[in-house]
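A.B. asks: Residue 212 in our numbering sits at position 212 of the sequence shown, and the numbers go up by one each step. For each residue, glycine too, the CB sits at the ideal point set by N, CA and C. Next up is a structure, given as structure tokens.
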Amino acid sequence: MNGQVEKKRQLIDDGLRSIWFPFTQMQEFSPEDVLVIAEGKGALLRDVDGRDYIDGVSSLWTNVHGHRKEQIDRAIKEQVDRVAHSTLLGLAHEPAIECAKKLLEIVPKGLTRVFYSESGSTAVEIALKMAFQYQKQAAGGNPGKTRFISFTNAYHGDTLGAVSVGGIDLFHAVYGELLFPTIKAESPYCYRCPFGASYPVCKFDCLRQLEYLLATHASELAALIIEPLVQGAAGILVQPPGYLKRIRELCTQYGVLMIADEVAVGFGKTGKMFACEQEGVTPDIMALGKGLSGGYLPLAATVATEEIYNGFLGRFDEFKTFFHGHTYTGNPLACAAAVANLNIFAEERVVEGLAGKIKRLTQGLQPIAKLGHVGEIRQRGFMVGIELVADKGTKELYPPGARIGNRVILEARKRGLIIRPLGDVIVLMPPLCITNEEIDRLCEITLESIQAVV
Ligand code: PLP
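Below, the structure is given as structure tokens:
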């Protein structure tokens with residue numbers, strides 16, 4: 001056996017012996033499943049054998065400008081030469097200040113304050129705590145407003161607060177006793193409408209149910225939390241036009257704060273910088289993560305309006321302080337990467353250049369939609385979900401044990417594409433820097449891989 005093969009086998013053995021992989025059934029995770037990545041460039045990743053793959057999910061919906069983007073690489077290296085970490089508790093540093101300033105220039109108008117953290121889950125956790133505490137101590141005070149309304153099929157992260165407002169049983173049900181109870185509204189999963197209706201004839205039965213819940217519980221609700229435009233982890237469930245705008249109107253009407261969780265959809269993925277922009281919406285609180293540092297380092301932000309921020313002001317002994325913050329909150333390296341990321345968006349006019357690529361992707365998906373076991377393709381910008389079904393006519397699902405989605409992504413891997421399924425929904429979410437030729441290849445491989453399995 002040659003040395004390179006032996007080294008790789010050793011790496012995989014060591015990995016499987018020492019790492020408990022996230023969201024992974026370890027009993028079924030075999031050496032053949034482990035792909036060891038060595039490097040990346042642009043929309044490509046290369047494994048330890050030197051094989052290239054299109055990174056079809058931008059390293060979990062986060063690497064927006066591709067791998068080894070020169071400006072971000074440089075920003076991190078230069079920051080290392082200054083200081084790698086210094087706390088934001090009582091001190092400040094230039095990258096955090098610069099990043100917050102730049103972020104506030106591009107988030108929906110009316111959001112004025114940035115609170116840093118390290119992951120999408122923590123950004124959501126902060127949003128929930130902020131909304132809760134704000135209601136308790138805002139001028140006039142609404143101490144009875146202590147509950148949250150969220151949606152079925154929602155995913156907001158895997159810390160306990162985020163799980164409490166989540167709505168995916170597979171991930172969340174087991175933790176039931178640990179969670180705080182929330183009010184759940186049906187999300188618009190139009191392909192499998194919970195009201196048995198069909199859009200647009202339905203005229204939004206789901207929104208009528210939501211309005212009923214808001215009207216009934218307004219006096220006890222601190223906030224509503226939503227993934228704007230697309231519920232990502234549920235399988236790219238795209239909301240119909242006008243839905244988000246109506247949510248904003250209803251929150252205002254019933255005095256419930258609106259939290260927009262843009263962790264997945266933010267930073268260009270829907271075709272605009274932020275999904276809320278697509279419907280001219282400003283939430284009261286917005287959670288950002290993933291693409292904030294360009295997919296380089298763990299950084300997240302919870303951005304709030306001045307009104308929310310003011311609710312926390314007072315003398316120390318009024319105890320209105322937001323007592324929250326982690327060791328690495330606003331880490332300088334991550335903030336330096338984020339500043340470079342935001343500069344790239346501005347200087348390379350990234351969002352302005354997306355329309356052509358999105359169209360190309362739409363075209364590339366058309367042959368896939370015709371396949372016998374593709375129930376529906378949902379696309380919003382660079383976010384795509386291909387729902388595979390056992391029977392296209394009845395929309396019957398495959399039994400979970402068949403693991404069709406997983407088999408498709410292993411086929412894709414053989415053909416040079418890295419993607420990840422959500423159950424039997426094949427998700428594509430390439431980096432925004434992907435070329436037209438790579439988009440074509442991404443679609444071709446996806447088509448062949450589905451055909452190889454069903
Ligand atoms: N919110 C949404 C909408 C997400 O899609 C995710 C992750 O996929 C999160 C929050 C959690 O982010 P993280 O995995 O960085 O904690």
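What are the complete alpha helix (DSSP H) segments, minimum 4 residues, inside the segment 133 to 182?
C.D. replies: For the segment 133 to 182, whole alpha helix (DSSP H) runs of length 4 or above, ordered along the chain, are 160 to 164, 169 to 172.
A.B. asks: I want to know whether the segment 180 to 199 touches the segment 136 to 150 - three or more CB-CB distances under 8 Å.
C.D. replies: The answer is yes - the segment 136 to 150 touches the segment 180 to 199, with three or more Cβ pairs under 8 Å.
A.B. asks: Go ahead and pull the three-state DSSP assignment for valine 374.
C.D. replies: If DSSP states are grouped into helix, strand and coil, valine 374 belongs with the strands.
A.B. asks: Exposed or buried, which one is serine 121 when buried takes at least 16 other CB atoms within 10 Å?
C.D. replies: Classification of serine 121: buried, given that the 10 Å Cβ count is 16 or more.
A.B. asks: Look at the alpha carbon of leucine 361 and the alpha carbon of phenylalanine 382, and state the distance between them as a whole number of angstroms.
C.D. replies: Rounded to whole angstroms, leucine 361 to phenylalanine 382 spans 8 Å at the Cα level.
A.B. asks: Quick one: is histidine 156 buried, meaning 16 or more other Cβ sit within 10 Å of its Cβ, or exposed?
C.D. replies: Answer is buried; the Cβ neighbour count reaches 16.
A.B. asks: Within the present structure, is the beta-carbon of threonine 122 separated from the nearest heavy atom of the ligand PLP by less than 8 Å?
C.D. replies: Yes - the ligand PLP has a heavy atom lying nearer than 8 Å to the Cβ of threonine 122.
A.B. asks: Nearest-angstrom Cα distance between glycine 321 and serine 86?
C.D. replies: A small correction: the amino acid at residue 321 is threonine; glycine does not occupy that position in the sequence shown. Near 22 Å, if we compare the C-alpha coordinates of serine 86 and threonine 321.
A.B. asks: Please list the terminal residues of the continuous beta strand (DSSP E) segment that includes serine 117.
C.D. replies: Note, serine 117: beta strand (DSSP E), 111 to 117.
A.B. asks: Is DSSP giving leucine 16 helix, strand or coil here?
C.D. replies: Note: leucine 16 maps to helix in three-state DSSP.
A.B. asks: Is it true that the CB of serine 449 sits closer than 9 Å to the CB of alanine 412?
C.D. replies: Yes, the Cβ-Cβ distance between alanine 412 and serine 449 is below 9 Å.
A.B. asks: Going by DSSP in three states, glycine 385 sits in which element: helix, strand or coil?
C.D. replies: Note: glycine 385 maps to strand in three-state DSSP.
A.B. asks: With a floor of 4 residues, list each alpha helix (DSSP H) that falls wholly inside the segment 255 to 313, ordered by position along the chain.
C.D. replies: Here the runs fully enclosed are 306 to 310.
A.B. asks: Could you have a look at glycine 120 and say whether DSSP puts it in helix, strand or coil?
C.D. replies: Glycine 120 falls in the helix class under three-state DSSP.
A.B. asks: For the beta strand (DSSP E) containing glutamate 39, list its first residue and its last residue.
C.D. replies: Segment 37 to 41, the beta strand (DSSP E) holding glutamate 39.
A.B. asks: If distances are taken between C-alpha atoms only, which option among Pro431, Lys69, Ala222 comes closest to glycine 144?
C.D. replies: Glycine 144 has its Cα closest to that of Ala222, out of Pro431, Lys69, Ala222.
A.B. asks: Contact between the segment 115 to 133 and the segment 159 to 173 is defined here as three or more beta-carbon pairs at a separation below 8 Å; is this criterion met?
C.D. replies: Touching, yes.
A.B. asks: Which stretch, first to last residue, makes up the beta strand (DSSP E) that contains proline 421?
C.D. replies: Taken as a continuous stretch (DSSP letters only), the beta strand (DSSP E) holding proline 421 covers 420 to 422.
A.B. asks: Spell out whether any CB of chain C is found under 9 Å from the CB atom of isoleucine 168.
C.D. replies: Absence of chain C from the displayed structure is noted, only one protein chain being present.
A.B. asks: Are there any heavy atoms of the ligand PLP lying less than 8 Å away from the beta-carbon of leucine 60, as far as the coordinates show?
C.D. replies: Under cutoff, so the answer is yes.
A.B. asks: Between Ala131, Arg74, Val256, Gly232, which has its C-alpha nearest asparagine 343's C-alpha?
C.D. replies: Per the Cα distances, Arg74.
A.B. asks: Within the continuous alpha helix (DSSP H) that includes arginine 208, where are the two ends?
C.D. replies: It spans 205 to 217 - the alpha helix (DSSP H) in which arginine 208 sits, taken as one unbroken run.
A.B. asks: Helix, strand or coil: how does DSSP classify alanine 390 here?
C.D. replies: Alanine 390 falls in the coil class under three-state DSSP.
A.B. asks: In chain order, which beta strand (DSSP E) runs of at least 3 residues are fully inside the segment 47 to 132?
C.D. replies: Segments of the beta strand (DSSP E) lying fully in the segment 47 to 132: 52 to 55, 111 to 117.
A.B. asks: Where does alanine 233 sit, in a helix, a strand or coil, going by DSSP?
C.D. replies: In the structure shown, alanine 233 sits in coil (DSSP, three-state: anything other than H, G, I, E or B).
A.B. asks: Using 8 Å as the Cβ pair cut-off and three pairs as the minimum, do the segment 83 to 97 and the segment 283 to 303 touch?
C.D. replies: Counting Cβ pairs under 8 Å, fewer than three are found: no touch.
A.B. asks: For lysine 102, I'd like the list of residues in its chain whose CB is within less than 7 Å of its CB, leaving aside the five on either flank, ordered along the chain.
C.D. replies: Counting only Cβ-Cβ distances below 7 Å, and skipping sequence neighbours, we find Val339, Leu342.
A.B. asks: Under a three-way DSSP split, which group does glutamine 379 fall into?
C.D. replies: Three-state DSSP puts glutamine 379 in a strand.
A.B. asks: Give the straight-line distance between the Cα atoms of arginine 420 and glutamate 318, rounded to the nearest whole angstrom.
C.D. replies: Those two C-alpha atoms are separated by around 49 Å.
A.B. asks: Which residues in the same chain as arginine 380 place their Cβ atom closer than 7 Å to its Cβ, once the five residues preceding and following it in sequence are excluded?
C.D. replies: So the list reads Leu229, Val230, Val238, Thr270, once near-sequence residues are dropped.
A.B. asks: Using 10 angstroms around the beta-carbon of threonine 329, count the other beta-carbons present and answer buried if the total reaches 16, otherwise exposed.
C.D. replies: Threonine 329 should be labelled buried.
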